[in-house]
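Just below is one structure, and these are the notes that go with it.
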Amino acid sequence: MISDVLPDSHLGQVRFYRRLLYGCAAVGVVGFLLAETLGYPLVGVGIYWGGLVGMGAVKFGTSVRLFDERDRALERRASNLTLYLAGGVLIVAAPAVFALEEVRGYEAPPVVSGALSGFSALFLLWGVVYLVLKYRP
Amino acid sequence: MKNDIRRRREASDLSQADLAEAVGVTRQTINAIERDRYDPSIELAFKLALFFDCHIEEIFDPDVELGFDDG
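First to last, the sequence lines map onto chains X and V.
The numbering used here puts the first sequence at residues -14 to 122.
The numbering used here puts the second sequence at residues 416 to 486.
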């Protein structure tokens, strides 16, 4: 029974469930990589999804709030910074690559054009989410 | 935003973990507030004031002025 190993204090319970959450993630990712390496890709995907299900079960199966307001504030700041960095790369690099393609017939490597397309899609999605949040009833 | 959480906590002979447990956040959050590295939400500020049995403005010194904050 989980109640036998659950600490009495609220903070102890938060730590316990967080470790369980991260443990599921680690098992999923490590299991996936291991199974891939050993030549069992489908088993790897199964373990990975199992890890995800485990994470979901921990996150939604307990009434203990695993992350407090500072954790969420840090997430918001990290997301903002990530968007700024991706935006900087996109703003500087996209016109340059486009101009080089037009003027010199330069063809960007797939990884570069893929990254720029990915960043563009990310900002498009951000714009949609922003508008939804702004105008939602 | 400056605050005197540490002084009040130590005067009450409490650890950061004790205070965190009482107001429902992690010890790291209390530590960040004490070091002026994180400004708590209004809700948490009220909880802290409730815990120390005082008004919010007795704990926090926001150092703000009216008008736009254009830096």
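Built from N, CA and C at the ideal position, the CB exists for glycine as well.
At the C-beta level, X/LEU66 and X/LEU6 stay beyond 8 Å of one another. Residues of chain X with a Cβ closer than 7 Å to the Cβ of V/SER456 are, in chain order, GLU54. Taking a 10 Å sphere around the C-beta of X/ARG55, we find 16 or more other C-beta atoms and assign the residue as buried. If you ignore the 5 residues before and after X/LEU101, its C-beta comes within less than 6 Å of the C-beta of ALA79, all in its own chain and listed in chain order. Your pair X/VAL(-1) and V/THR441 checks out as a contact, with CB atoms roughly 7 Å apart and the cut at 8 Å. The beta carbon of X/TYR2 sits closer than 7 Å to those of VAL43, THR47, VAL49, LEU51, all from its chain and outside the five residues before and after it, given in chain order. Of X/VAL97, X/LEU68, X/GLY73, X/ASP(-11), the smallest CA-CA separation from X/VAL82 is found for X/VAL97.
Between the region 16 to 34 of chain X and the region 56 to 75 of chain X, the count of Cβ pairs shorter than 8 Å is below three; the stretches do not touch. X/TYR33 and X/ALA10 have their C-alpha atoms some 8 Å from each other. The Cβ-Cβ distance between V/ILE420 and V/ILE474 falls below 8 Å. X/VAL(-1) has a beta carbon lying within less than 8 Å of a beta carbon in chain V. Between X/TRP111 and X/TYR69, the alpha-carbon positions lie close to 12 Å from each other. Here V/PRO477 has MET416 as same chain residues with Cβ atoms under 6 Å from its own Cβ, once five neighbours each way along the sequence are excluded. Under the DSSP assignment, V/GLU458 falls in the alpha helix (DSSP H) whose first and last residues are 457 to 467.
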